Each structure stands twice: as structure tokens, then as C-alpha cells.
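Novice: In the numbering used here, the protein residues as written are 1 to 182.
What follows is the structure in C-alpha cells.
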């Protein structure tokens, strides 16, 4: 093309890169999806190899990754994204313009729902963890309570007085006129 291009090739949607159709808002959604992808994929764009020994990527690796993406290969899942967020990102980065979000509002709503579900999940997990801690403490205390009750029953049967520090309950049996200390 003899026309100049505006934008960063690394984040360009295929239709913008090749001048296939006039641009729409979802080319910006595509670029946003790639930014999110990079943030959740150890600072690597789709198809770029993950860091091993070396931190820097070669120009050849970057070009190959760009060609794979612009040729419509299915983008791999971002390595640090959970399932729902990864799907949102992949939909934003879809090769086919019609498969992407058709408005920023649509993508925003999906992200809000994801965030809300994540927050609720975290709160439920926190409540379940607190309940589990309570159950664990109860299980540890319960045998001691049973043991103390048995001791009290033995003390009651032998008419022994409770030891210092024990709770004392005075129960009177009106009919028999007897008084028992527990």
C-alpha cells in the first residue's frame, strides 16, 4: 500500500494491518486484548516463546509470532489468566472481526461480571475458610468438653465438690428437697 500506516504493528488488528476493511471500534478492542494478553502472559505476545535461559527474544522470534497472529492461527491461552478472563481476552483478540466484541461496552460488561464473580468467589472462599477454622477448633475442643462432662458426672455420682476453676451450677430438686452442685 502506498498509504502510510498509523499505529504499532505489534498491536494492530489484521484488517487494519492489511487494509482489508475500513476500521471500526473493534480494532481498538483487538489492541486492548493484546495489551491484556501481554500483561497476563509473562510480558510475551501470542506465539512468542516463553523465557527459558534467555530473557531477550530474537527479531526472528518476534517476526514469526507476528506472522502467526496476522495469518489467523488460533491464539494460545494466556499463561497467567484464569479461565473466564482468558476467554474474554481471546474473544477480544479474535482474528475474525465478527467474532470479537462489537463494542467497548460489551467487553466492559464482561469484565465487570468477571470481576464481580471473582470477588464473590473470594468472599465465599473466605467464609468457607472461616467455617473450616471454626469446625477444626470445635473438633479440637469437643473431646475435652466430653471429658470434662464425664468427670463432672463421676464427681456428681461420688458427691465430690467441683475443683477450683470449674463452673458451678446449683440445681435444686424441689420435689425431693435435695440440692445438687454440679
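For every residue, glycine included, the Cβ atom is placed at its ideal position computed from N, Cα and C.
Remember, predicted model here, so these are calculated numbers, not experimental data.
To the nearest angstrom, report how far apart residue 92 and residue 99 are at their CA atoms.
Specialist: Start at 1 with the first residue of the chain shown, and residue 92 comes out as number 92. Start at 1 with the first residue of the chain shown, and residue 99 comes out as number 99. Approximately 8 Å, taken between the alpha carbons.
Novice: Please report the distance separating the alpha-carbon of residue 61 from that of residue 129.
Specialist: Your numbering for residue 61 matches position 61 in the chain shown. Your numbering for residue 129 matches position 129 in the chain shown. Taking the straight line joining both Cα atoms gives about 45 Å.
Novice: Please give me, in chain order, every unbroken run of the alpha helix (DSSP H) with length at least 4 that falls completely inside the stretch 57 to 129.
Specialist: Fully enclosed alpha helix (DSSP H) runs of 4 or longer: 59 to 70, 83 to 92.
Novice: Indicate the three-state DSSP secondary structure (helix, strand or coil) for residue 49 in the structure shown.
Specialist: One-based indexing of the chain shown puts residue 49 at position 49. Here residue 49 sits in coil by DSSP.
Novice: Looking at the secondary structure, which residues open and close the alpha helix (DSSP H) in which residue 37 lies?
Specialist: If you number the chain shown from 1, residue 37 lands on position 37. Per DSSP, residue 37 belongs to the alpha helix (DSSP H) from 25 to 39.
Novice: Is the Cβ-Cβ distance between residue 89 and residue 36 less than 7 Å?
Specialist: Taking the first residue of the chain shown as 1, we reach residue 89 at position 89. Taking the first residue of the chain shown as 1, we reach residue 36 at position 36. It is a contact, given that the beta carbons lie within the stated cut-off.
Novice: What residues in its chain sit with their C-beta under 8 Å from that of residue 2, if we drop five residues either side in the sequence?
Specialist: The residue labelled residue 2 in the question sits at position 2 within the chain shown. Note that residue 2 has pLDDT 46, beneath the 50 cutoff, so the model's placement of it is unreliable and the number below is only indicative. Excluding positions up to five away in sequence, the list is empty.
Novice: Smallest Cα separation from residue 102: which of 115, 71, 79, 28?
Specialist: For the purposes of this step, residue 102 is taken as residue 102 along the chain shown, with counting starting at 1. Ranking the options by Cα distance to residue 102, first place goes to 28.
Novice: Between the C-alpha atoms of residue 15 and residue 97, what's the straight-line distance to the nearest angstrom?
Specialist: Counted from its first residue, the chain shown places residue 15 at position 15. Counted from its first residue, the chain shown places residue 97 at position 97. Going from the Cα of residue 15 to the Cα of residue 97 covers about 8 Å.
Novice: Buried or exposed, going by whether 16 or more other CB atoms sit within 10 Å of the CB of residue 39?
Specialist: Working through the chain shown from its first residue, we reach residue 39 at position 39. Under this definition residue 39 is an exposed residue.
Novice: For residue 33, collect the residues of the same chain with a Cβ closer than 7 Å to its Cβ; drop the 5 residues on either side in sequence, then sort them by chain order.
Specialist: Start at 1 with the first residue of the chain shown, and residue 33 comes out as number 33. The answer, listed in chain order, is 89, 92, 93.
Novice: Which same chain residues end up closer than 7 Å to residue 75 when comparing Cβ atoms and leaving out the 5 residues on each side of it in sequence?
Specialist: Residue mapping note: residue 75 aligns to position 75 of the chain shown, counting from 1. Result list for residue 75: 46, 69, 90, 93, in chain order.
Novice: Return the chain-ordered list of same chain residues with a C-beta closer than 6 Å to the C-beta of residue 11, the five sequence neighbours on each side being excluded.
Specialist: For the purposes of this step, residue 11 is taken as the residue at position 11 of the chain shown. Excluding sequence neighbours, residue 11 sits near 31, 34.
Novice: Leaving aside the five residues before and after residue 42 along the sequence, list all residues of the same chain whose C-beta is less than 8 Å from its C-beta, in chain order.
Specialist: The residue labelled residue 42 in the question sits at position 42 within the chain shown. Taken in chain order, the residues that qualify are 50, 51, 79, 80.
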